[in-house]
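Chains as they are written, first to last, in the numbering used here: chain X, 68 to 612; chain B, 68 to 612.
Protein chains: 2
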Amino acid sequence: MTRTSPAETPLGDSFHVYDTTLRDGAQREGITYSATDKLAVARLLDSVGVGFIEGGWPGALPKDTEFFARAAAGELQLRHAALVAFGATRRPGAKAETDPQVRALLDSQAPVITLVAKSDRRHIERALRTSVEEAAAMVADTVSFLTGQGRRVFLDAEHFFDGYAHDPDCALRVLSAGVEAGADVVVLCDTNGGQLPLGIAKTVAEVVERTGFRVGIHCQDDTACAVGNSVAAVQAGATHVQCTANGYGERAGNADLFAVVANLVTKLDMPVLPTAALSELTRVSHALAEIANIAPDAHQAYVGTAAFAHKAGLHASAIKVDPDLYNHIDPATVGNGMRVLVTEMAGRASIELKGKELGLDLAGQGEAVTRTVRKVKELEARGWSFEAADASLELLLRGEMSTPDGPQETVSPPFVLDSYRVVLDHRPDGVVISEATVKVHVGGERVIATAEGNGPVHALDAALRKALLPHLPWLASVQLIDYKVRILTEQHGTDAVTRVLVESSDGQAEWTTVGVHGNIVEASWLALCDALAHKAMRVETLTTH
Amino acid sequence: MTRTSPAETPLGDSFHVYDTTLRDGAQREGITYSATDKLAVARLLDSVGVGFIEGGWPGALPKDTEFFARAAAGELQLRHAALVAFGATRRPGAKAETDPQVRALLDSQAPVITLVAKSDRRHIERALRTSVEEAAAMVADTVSFLTGQGRRVFLDAEHFFDGYAHDPDCALRVLSAGVEAGADVVVLCDTNGGQLPLGIAKTVAEVVERTGFRVGIHCQDDTACAVGNSVAAVQAGATHVQCTANGYGERAGNADLFAVVANLVTKLDMPVLPTAALSELTRVSHALAEIANIAPDAHQAYVGTAAFAHKAGLHASAIKVDPDLYNHIDPATVGNGMRVLVTEMAGRASIELKGKELGLDLAGQGEAVTRTVRKVKELEARGWSFEAADASLELLLRGEMSTPDGPQETVSPPFVLDSYRVVLDHRPDGVVISEATVKVHVGGERVIATAEGNGPVHALDAALRKALLPHLPWLASVQLIDYKVRILTEQHGTDAVTRVLVESSDGQAEWTTVGVHGNIVEASWLALCDALAHKAMRVETLTTH
Numbered sequence: 068m069t070r071t072s073p074a075e076t077p078l079g080d081s082f083h084v085y086d087t088t089l090r091d092g093a094q095r096e097g098i099t100y101s102a103t104d105k106l107a108v109a110r111l112l113d114s115v116g117v118g119f120i121e122g123g124w125p126g127a128l129p130k131d132t133e134f135f136a137r138a139a140a141g142e143l144q145l146r147h148a149a150l151v152a153f154g155a156t157r158r159p160g161a162k163a164e165t166d167p168q169v170r171a172l173l174d175s176q177a178p179v180i181t182l183v184a185k186s187d188r189r190h191i192e193r194a195l196r197t198s199v200e201e202a203a204a205m206v207a208d209t210v211s212f213l214t215g216q217g218r219r220v221f222l223d224a225e226h227f228f229d230g231y232a233h234d235p236d237c238a239l240r241v242l243s244a245g246v247e248a249g250a251d252v253v254v255l256c257d258t259n260g261g262q263l264p265l266g267i268a269k270t271v272a273e274v275v276e277r278t279g280f281r282v283g284i285h286c287q288d289d290t291a292c293a294v295g296n297s298v299a300a301v302q303a304g305a306t307h308v309q310c311t312a313n314g315y316g317e318r319a320g321n322a323d324l325f326a327v328v329a330n331l332v333t334k335l336d337m338p339v340l341p342t343a344a345l346s347e348l349t350r351v352s353h354a355l356a357e358i359a360n361i362a363p364d365a366h367q368a369y370v371g372t373a374a375f376a377h378k379a380g381l382h383a384s385a386i387k388v389d390p391d392l393y394n395h396i397d398p399a400t401v402g403n404g405m406r407v408l409v410t411e412m413a414g415r416a417s418i419e420l421k422g423k424e425l426g427l428d429l430a431g432q433g434e435a436v437t438r439t440v441r442k443v444k445e446l447e448a449r450g451w452s453f454e455a456a457d458a459s460l461e462l463l464l465r466g467e468m469s470t471p472d473g474p475q476e477t478v479s480p481p482f483v484l485d486s487y488r489v490v491l492d493h494r495p496d497g498v499v500i501s502e503a504t505v506k507v508h509v510g511g512e513r514v515i516a517t518a519e520g521n522g523p524v525h526a527l528d529a530a531l532r533k534a535l536l537p538h539l540p541w542l543a544s545v546q547l548i549d550y551k552v553r554i555l556t557e558q559h560g561t562d563a564v565t566r567v568l569v570e571s572s573d574g575q576a577e578w579t580t581v582g583v584h585g586n587i588v589e590a591s592w593l594a595l596c597d598a599l600a601h602k603a604m605r606v607e608t609l610t611t612h
Numbered sequence: 068m069t070r071t072s073p074a075e076t077p078l079g080d081s082f083h084v085y086d087t088t089l090r091d092g093a094q095r096e097g098i099t100y101s102a103t104d105k106l107a108v109a110r111l112l113d114s115v116g117v118g119f120i121e122g123g124w125p126g127a128l129p130k131d132t133e134f135f136a137r138a139a140a141g142e143l144q145l146r147h148a149a150l151v152a153f154g155a156t157r158r159p160g161a162k163a164e165t166d167p168q169v170r171a172l173l174d175s176q177a178p179v180i181t182l183v184a185k186s187d188r189r190h191i192e193r194a195l196r197t198s199v200e201e202a203a204a205m206v207a208d209t210v211s212f213l214t215g216q217g218r219r220v221f222l223d224a225e226h227f228f229d230g231y232a233h234d235p236d237c238a239l240r241v242l243s244a245g246v247e248a249g250a251d252v253v254v255l256c257d258t259n260g261g262q263l264p265l266g267i268a269k270t271v272a273e274v275v276e277r278t279g280f281r282v283g284i285h286c287q288d289d290t291a292c293a294v295g296n297s298v299a300a301v302q303a304g305a306t307h308v309q310c311t312a313n314g315y316g317e318r319a320g321n322a323d324l325f326a327v328v329a330n331l332v333t334k335l336d337m338p339v340l341p342t343a344a345l346s347e348l349t350r351v352s353h354a355l356a357e358i359a360n361i362a363p364d365a366h367q368a369y370v371g372t373a374a375f376a377h378k379a380g381l382h383a384s385a386i387k388v389d390p391d392l393y394n395h396i397d398p399a400t401v402g403n404g405m406r407v408l409v410t411e412m413a414g415r416a417s418i419e420l421k422g423k424e425l426g427l428d429l430a431g432q433g434e435a436v437t438r439t440v441r442k443v444k445e446l447e448a449r450g451w452s453f454e455a456a457d458a459s460l461e462l463l464l465r466g467e468m469s470t471p472d473g474p475q476e477t478v479s480p481p482f483v484l485d486s487y488r489v490v491l492d493h494r495p496d497g498v499v500i501s502e503a504t505v506k507v508h509v510g511g512e513r514v515i516a517t518a519e520g521n522g523p524v525h526a527l528d529a530a531l532r533k534a535l536l537p538h539l540p541w542l543a544s545v546q547l548i549d550y551k552v553r554i555l556t557e558q559h560g561t562d563a564v565t566r567v568l569v570e571s572s573d574g575q576a577e578w579t580t581v582g583v584h585g586n587i588v589e590a591s592w593l594a595l596c597d598a599l600a601h602k603a604m605r606v607e608t609l610t611t612h
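Shown next as structure tokens:
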């Protein structure tokens with residue numbers, strides 16, 4: 068974990084893609100990452116090739132301190148990015164080396180540290196209640212202390228654009244204090260988000276020319292221009308750009324990492340990501356939305372499911388002949404697809420690709436692929452989603468495939484349900500009890516079992532295990548390790564539908580299944596059944612082949 | 068309905084705010100406006116003071132033909148805007164006066180007509196399959212026929228930026244054909260949406276300089292720059308800007324009317340709307356989302372409910388003193404308000420600010436604030452989250468406040484629960500039934516009621532309503548309008564905890580409450596109870612004060 072610059076990018080250290088999803092992005096209303104979520108987010112960001120991952124504010128937030136401790140203990144192996152800890156300069160009148168908040172930055176063991184400093188005279192005087200001299204000294208002391216300890220330091224100049232407009236000398240003085248003390252990059256932050264592209268380009272060019280410093284840019288989306296502002300700043304001379312995944316952030320959000328990076332690569336020919344990483348953008352964007360538990364925005368530029376969807380109309384035939392005349396880029400560049408034409412061709416292609424990935428021989432299975440594509444489309448129209456549920460998709464595809472011997476391979480379910488009942492009691496003493504009874508046919512017998520649990524799904528899972536375990540001993544190794552629920556409200560104005568994703572593990576493999584129903588317990592039951600069916604299928608394959 | 072330019076704007080006809088929500092906006096997946104919807108949308112757009120309202124494509128779409136007919140018959144009285152019909156030029160080789168599509172434009176009786184024409188040589192040759200000469204003639208003939216009939220004509224030059232980059236002479240020739248035949252404005256369209264702000268500004272300035280024509284701009288959001296591109300184009304010389312409400316449109320959408328207009332007025336001091344109309348933006352944006360049946364985007368610039376929401380507990384004390392230092396504009400300018408989110412970092416200042424926002428008098432309530440801060444922190448450590456649940460927070464804070472008369476204000480719950488039971492049956496025939504029974508004390512009685520629902524929470528809600536309604540008639544107006552579930556996995560190694568957010572409405576106010584429990588049904592129940600308690604509190608306050 069000692070890398071202080073991105074690995075493998077064509078541009079090397081000369082251009083920084085800097086992600087702050089885990090710190091500034093987490094400021095978005097409704098996002099609450101656990102330390103484990105944060106590790107998963109960092110791994111995904113690393114897989115898409117960003118140069119720097121700002122992990123949080125150690126010392127200020129217990130979850131962030133935990134994240135850095137677990138990363139340092141080996142839970143986070145970054146192939147590409149350098150890990151960054153964010154924090155403030157020492158307090159007015161204090162010493163950097165004894166300031167507990169500065170010590171926490173060192174203790175995080177992050178090789179790179181981004182310090183935030185006020186550069187607007189009004190904020191220095193009214194919010195910090197100190198002088199410009201002391202503000203500059205706070206920056207200089209803290210930067211030189213941390214660089215002296217072997218850390219690379221970037222300086223976030225908060226409220227820079229407002230401050231520069233109000234009192235340019237004060238704003239530049241804070242930048243100089245940082246650079247003279249050893250900061251590598253001074254990041255001009257549009258903290259209140261009031262800038263527009265032409266204005267931001269003018270200021271960035273002016274600051275670069277007046278100072279010669281290496282300049283970064285950090286934009287908020289309050290004028291709906293964060294992406295345009297970031298790109299304009301890069302065109303004006305910034306060589307370090309701070310973004311968040313899907314534009315998550317406080318208020319209207321931050322500059323969207325995916326749009327900024329795709330614009331730089333595809334519009335300005337700047338290879339700011341490792342080769343081939345661009346085609347991961349769509350997948351990673353959706354996975355990060357899942358972890359944040361925010362529905363992906365279908366209309367997001369580049370990565371939204373509707374980003375290349377054309378309403379079949381006027382030009383449908385023209386689009387078919389010359390798709391390049393109607394798309395600003397080839398959607399595949401960013402791992403997305405064009406949707407109107409998609410229906411037949413890309414649907415088949417992705418199922419075939421998925422089959423290959425799952426190790427299935429689809430030669431001569433054209434019919435099965437067609438049936439699967441049709442079924443998937445039908446189910447997805449009703450709220451199912453197989454993007455994250457490979458195991459459910461595999462069951463579907465195998466169920467349609469024919470074998471050399473017979474017309475169709477049988478994916479025999481490990482048991483057949485007769486019925487279940489779940490009873491929840493909130494008793495007069497305030498205790499809440501969940502109890503489930505299942506009646507199933509397994510191993511030639513009809514079995515009835517009852518169990519309790521923390522909630523309805525837990526009770527149902529427990530009862531099912533009790534019924535099946537004597538007949539299916541492999542069940543002992545299977546555990547439910549993650550459970551996600553999403554209420555899908557926009558089901559054509561009718562009643563809401565619930566989608567449940569269940570992740571299971573048998574200590575060796577992990578697999579995810581999906582269930583959708585108007586009733587949350589039944590949706591969970593469907594995902595649970597698929598999880599067991601998938602394990603049973605693998606047990607059977609091992610035994611019979 | 069004979070007005071052909073906006074009324075009352077300070078800039079008069081010299082700058083056009085042109086809305087195409089009803090035509091280009093309706094291309095967004097999922098939007099299906101009826102003719103009646105269209106009339107309502109047009110009235111709202113007029114109330115916010117846009118100069119031109121493009122109502123649709125008469126002749127091409129029956130609903131659009133109906134809309135123009137009803138508008139002409141007097142159902143649409145525009146106080147401010149001029150009504151526009153959109154359509155194509157005559158077909159290759161045909162005559163404008165006998166082309167049925169051109170006739171439909173005349174028949175619409177719209178005083179202004181916007182014609183779309185291809186200006187990219189590749190589109191002319193490959194999609195239109197004609198020559199540049201014929202394409203220019205199609206424009207010239209159609210424009211002069213329509214202006215000869217007394218209509219004002221604008222020309223949308225489709226794919227202009229791609230076409231200009233590929234073959235500038237061809238693109239300019241199409242513009243000239245329009246202007247020479249009498250078109251007032253040539254609108255440069257980034258139809259595929261691939262432009263960036265600095266590039267679009269350069270091209271617009273160049274076209275204005277080379278031609279001297281009056282130029283308009285139409286941007287799509289495929290690079291997430293539609294707003295920035297539109298504003299940059301205006302700064303470069305465009306005096307007519309085409310937008311859609313909330314950025315609705317095909318693929319990633321169009322330039323958002325509200326952000327573009329707010330940027331022009333508040334950042335560039337261009338009075339493009341009638342005085343005072345700006346403060347209607349937030350209301351109109353939400354009303355238009357309602358008609359489109361799309362949930363408003365909380366994070367939308369200027370008009371989103373989170374656009375001025377501050378989470379950073381750190382700065383809360385500073386925000387309290389100097390709100391102007393932390394907002395890029397006064398939220399009231401666009402009819403929005405500042406909101407403070409209470410989070411795990413919350414301190415006294417956040418709670419005090421929140422109290423002020425809720426209209427509570429916290430003078431002399433130092434103790435109550437301290438107790439509330441402690442309770443919030445304690446609950447948030449167990450998975451609760453109040454940042455989106457103002458109503459639950461208000462109940463908490465009021466419960467801690469002392470009254471002038473007694474030690475503590477009583478927030479009396481509207482009922483007391485004895486017990487509830489929920490039974491879920493997955494029957495042998497596959498049907499799933501949810502049934503709930505509640506036993507409550509209300510109005511001095513013990514009431515038992517049973518009801519069915521789609522799922523356990525729905526059944527519980529139905530049973531509770533059945534029990535309470537005879538005693539609490541105001542309950543009839545209260546509806547559950549949104550329901551969100553989040554499974555919090557890592558509660559310090561113990562079992563998962565479920566957090567439920569419930570949004571309620573009584574047709575006038577909307578409020579959000581939260582519940583957390585190991586059992587999803589009990590978590591939902593807690594949020595449901597808070598929702599009713601909050602409504603009861605407001606009913607009681609109205610009655611007793």
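For glycine and all other residues, C-beta sits at the position ideal for the given N, C-alpha and C.
Rounded straight-line distance, which links the Cα of residue j to that of residue i
| i | j | result |
| --- | --- | --- |
| T342/X | A74/X | 12 Å |
| S198/X | P235/X | 16 Å |
| F212/B | V253/B | 17 Å |
| F280/B | V183/B | 17 Å |
| L143/X | G92/X | 20 Å |
Cutoff 6 Å; reference residue i; Cβ partners in own chain excluding five residues on either side
| i | result |
| --- | --- |
| G320/X | D288 and G314 |
| Q262/X | F228 and N296 |
| G520/X | S501, A526 and A529 |
Contact set for residue i: own chain, Cβ-Cβ below 7 Å, skip 5 residues either direction
| i | result |
| --- | --- |
| Q94/B | G316 and E317 |
| V370/X | F325, L348, T349, S352, V401 and N403 |
| N394/B | F375 and M405 |
Buried/exposed call for residue i, threshold 16 Cβ in 10 Å
| i | result |
| --- | --- |
| A155/X | buried |
| A140/B | exposed |
| D21/B | Residue coverage of chain B in this structure runs from 68 to 612, which leaves residue 21/B outside it and unanswerable. |
| E276/X | exposed |
| R218/X | buried |
| T165/X | exposed |
| D323/X | buried |
| A399/B | exposed |
Proximal residues to residue i (C-beta, below 8 Å), its chain only, five neighbours per side dropped
| i | result |
| --- | --- |
| I418/B | V409, V436, T439, V440, V443 and L464 |
Any non-hydrogen atom of the ligand COA closer than 7 Å to residue i Cβ
| i | result |
| --- | --- |
| A138/B | The ligand content of the structure shown is nil, which means the ligand COA is not present either. |
Would you list, in chain order, the members of the stretch 285 to 313 of chain B that have their beta-carbon closer than 9 Å to a beta-carbon of chain X?
-> Listed in sequence order: Q287, D288, D289, T290, A291, C292, A293, V294, G295, N296, V298, A299, Q302 and A303.
Please list the residues of the stretch 79 to 107 of chain B that have a C-beta atom closer than 9 Å to any C-beta atom in chain X, keeping them in chain order.
-> Taking 9 Å as the upper bound on Cβ-Cβ separation, chain X lies near residues Q94, R95, E96 and G97 of the stretch 79 to 107 of chain B.
Using Cβ-Cβ distances below 9 Å, what residues of the stretch 318 to 351 of chain B are close to chain X?
-> Residues of the stretch 318 to 351 of chain B whose Cβ lies closer than 9 Å to any Cβ of chain X, in chain order: R318, A319, G320, A322, D323, F325, A326, V327, A329, N330, T333, K334 and L335.
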